[in-house]
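Asker: Got a structure for you, written out below as structure tokens; questions coming shortly.
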Amino acid sequence: MTQTPKNIAIIGSGLVGSLLAIYLRKIGHAVTVFDRRPDIRTIKFSGRSINLAMSDRGWNSLDEVGIGKKIKDIAIPLYKRAMHVNDKPIYFQNYGKDGEAIWSISRGVLNKRMINLAEEAGAVFRFNEKVWDVDLPDAKIYTGETEKSEWKEYGFDLVFGCDGAFSRVRHKMQRRSRFNYSQNFIDVGYKELTIPANEDGTHKLDKNSFHIWPRGEFMLIAMPNVDGSFTCTLFLPFEGDISFESIKTEAQAKDFFKKYFPTVRKEIEDLTNDFFNNPTSAMVTMKCYPWTYWDKVALVGDSAHAIVPFYGQGMNAGFEDIYVLNQLMDKHGDDWARIFSEYQEERKPNADAIAELSYRNFVEMSSKTADPKFLLQKKIEKHFAKKYPEKWVPVYSRVTFSDKPYVEALATGDLQEAIMQQVMQQPNIEEKWDSKEIEEMILGLL
């Protein structure tokens, strides 16, 4: 169905805001994007990023609007995890079946590319313009230098809030009656570090792997960039014996890396410098409902459902919001009330499911990856899945290499976990884990 062109405001020029601008321009709407920050293309990107992992859902959303190929050339496929455990050689774990990969992309590089593509499509960007208020029933927005200064009023037909976990648009919606909202911070923070390229521009570590140094309560990860460098992220508790709080001096920082990351500390450029100069950032799960106001305002991406980054699905989930919105616009034409109501009804349960999966993955990555019982469980699952690929698709594959709803992945994961709990309680499971008996047991429980 075609739509009557509308005058639409998008608040936030991040990944979700710029992709939504491209979609809306393609249909023929007039689009103005407001951002309180300066144009990212004109400044040095600050060190507070976790490299992005683009998976199938993200690519579907880019391909649908015809820009997938223009993004692939700034991305690197990662086919496997590289696990760096002290006193052991590196070992690799494939992500999926042959050829299945997640794609590493630098957030700053991707965001610049997306803004360029949105401008080429005809979207107008207004940087350094802070939105202080939104009149929800009339889709008016108010911008100004400060909260106390004189404001400028803009009238629109529709407003989309794509302004992240601490959204101004959502803040306004929170004051409505019967608006549900919660936010939960985890007690772990993150800090960005860098491994520079070799002199000749090649990568210092395997470039088609997602590198993980699991250390129980904390961990380091590294993802490759096209310029030969790696963006590393150190996840560490804020407080406690080993924490950001406990590392106060350069000497303490050096000792920490020497003790826990001896194989990589020489590679990490300016370790102590980065450690003290780059900000320590927090991670939050944010849930709310409703996501829309009448047929006027809608929240998309993190402003509706911020999640912790341990499934690499934050951006993918936000892009999928837009994919679904686009299908509904096609289906319902100018009936924006219906588009918005079906959008939130379809996406909310899926957003809650990926929030739960991401939080569980955080617990799993930080505390269970070194537990022998857990590793045996994973080994049994892998062995069974290889033999019966149609009966047992791992949850990770359902989330990452599929566009089936997140809700299904969570439900299947719960079912598989219940089965595995029974399997793991079998006497002498360590000896007979790959026996016919255990195989028959799993088939029976399925």
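Quick note on numbering: the sequence shown equals residues 1 to 446 in our numbering.
Quick reminder that beta carbons are idealized off the backbone N, C-alpha and C, glycines included.
Report the three-state DSSP secondary structure of Ile40 (helix, strand or coil).
Answerer: helix
Asker: Taking 8 Å as the threshold (C-beta atoms), are Asn51 and Ser104 in contact?
Answerer: Taking C-beta atoms as the reference points, Ser104 and Asn51 count as a pair closer than 8 Å.
Asker: With distance defined between alpha-carbon atoms, name the residue in Tyr343, Lys387, Val395 nearest to Asn361.
Answerer: Val395
Asker: From the DSSP output, in three-state form, read off Val188 for me.
Answerer: Correct three-state label for Val188: strand.
Asker: Can you give, in chain order, each stretch of the beta strand (DSSP E) that sits fully within the segment 93-139 and has at least 3 residues?
Answerer: 102-105, 124-126, 131-135
Asker: When you compare only the Cα positions, how much space is there between Arg170 and Gly58?
Answerer: 24 Å
Asker: Based on DSSP bridge pairs, tell me the residues matched to Ala422.
Answerer: Here residue 422 is Gln; the residue named in the question, Ala, does not match the sequence. According to DSSP, which records beta bridges pairwise, Gln422 is partnered with nothing at all.
Asker: In angstroms with no decimal places, state the Cα-to-Cα distance between Pro214 and Met1.
Answerer: Distance between the alpha carbons of Pro214 and Met1: 50 Å.
Asker: Within 10 angstroms of its Cβ, does Ala409 collect 16 or more other Cβ (buried), or is it exposed?
Answerer: buried
Asker: Please go through the same chain and pick out, in chain order, the residues whose beta-carbon is closer than 6 Å to the beta-carbon of Phe384, but skip the five residues on each side of it.
Answerer: Trp392, Ile442
Asker: Rounded to whole angstroms, what is the Cα-Cα separation between Asp321 and Leu78?
Answerer: Cα to Cα, the separation comes out at about 24 Å.
Asker: Three-state secondary structure (DSSP) at Pro237?
Answerer: Strand.
Asker: For Tyr359, which of helix, strand or coil comes out of DSSP?
Answerer: helix
Asker: Would you mind stating whether Ile218 and Leu19 have Cβ atoms separated by less than 8 Å?
Answerer: According to the sequence displayed, residue 218 carries Phe and not Ile. No, they are not a contact pair.
Asker: Starting from the Cα of Arg178, find the closest Cα among Tyr289, Phe340, Lys80 and give me that residue.
Answerer: Minimum Cα-Cα distance from Arg178 among the listed residues Tyr289, Phe340, Lys80 corresponds to Tyr289.
Asker: Kindly identify the DSSP beta-bridge partner or partners of Pro290.
Answerer: Residue pairing by DSSP places Pro290 in no beta bridge whatsoever.
Asker: Reducing DSSP to helix, strand and coil, say where Val264 ends up.
Answerer: coil
Asker: Got a sec, what are the start and stop residues for the alpha helix (DSSP H) Trp59 sits in?
Answerer: 56-64
Asker: So, using beta-carbon positions, are Met283 and Pro309 closer together than 8 Å?
Answerer: yes
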